[in-house]
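Read the structure below first, then the notes.
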Amino acid sequence: MLDELGATIKAEIKKLPKYQQPAAILILDSEFTVENGELTSNLKLKRKIIVEKNSGKIALVYQYMDGAGRPAALTFYDREIVIAY
76 MLDELGATIK AEIKKLPKYQ QPAAILILDS EFTVENGELT SNLKLKRKII VEKNSGKIAL
136 VYQYMDGAGR PAALTFYDRE IVIAY
């Protein structure tokens with residue numbers, strides 16, 4: 076399933092102009108909800124909390140980035156992270 080997801084993401088990103096292509100994508104296995112504290116009651120993202128909870132995963136994304144600011148490869152890690160270019 077992850078291989079198919081990665082292939083789909085990669086194909087869709089290639090359709091975008093270079094300046095619109097994300098440098099990396101982080102896909103988590105849990106939803107942002109009010110109950111877990113990642114959304115307000117108005118369903119707005121609590122970015123600071125999301126970053127705090129996922130700081131290790133975000134750091135890993137940057138670790139995989141090469142000098143040009145692009146991911147070195149399509150990578151799956153811990154069944155949660157997809158880095159696509």
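In my numbering, the protein residues as written are 76 to 160.
C-beta: ideal position from N, C-alpha, C; glycine also.
Between the alpha carbons of residue i and residue j, how many angstroms are there, rounded?
i	j	result
residue 132	residue 84	19 Å
residue 111	residue 92	36 Å
residue 95	residue 121	25 Å
residue 109	residue 140	32 Å
residue 82	residue 89	11 Å
residue 114	residue 130	17 Å
residue 87	residue 102	15 Å
residue 104	residue 126	15 Å
residue 138	residue 99	11 Å
residue 136	residue 118	26 Å
residue 182	residue 134	Here the chain comprises residues numbered 76 to 160, so residue 182 is not present and cannot be evaluated.
Considering residue i, what are the terminal residues of the alpha helix (DSSP H) in which it resides?
i	result
residue 131	130-139
Taking only three categories from DSSP, how would you classify residue i?
i	result
residue 120	strand
residue 80	helix
Where DSSP assigns a beta bridge to residue i, which residues make up the other side?
i	result
residue 103	For residue 103, which the question treats as bridged, DSSP gives no partner whatsoever.
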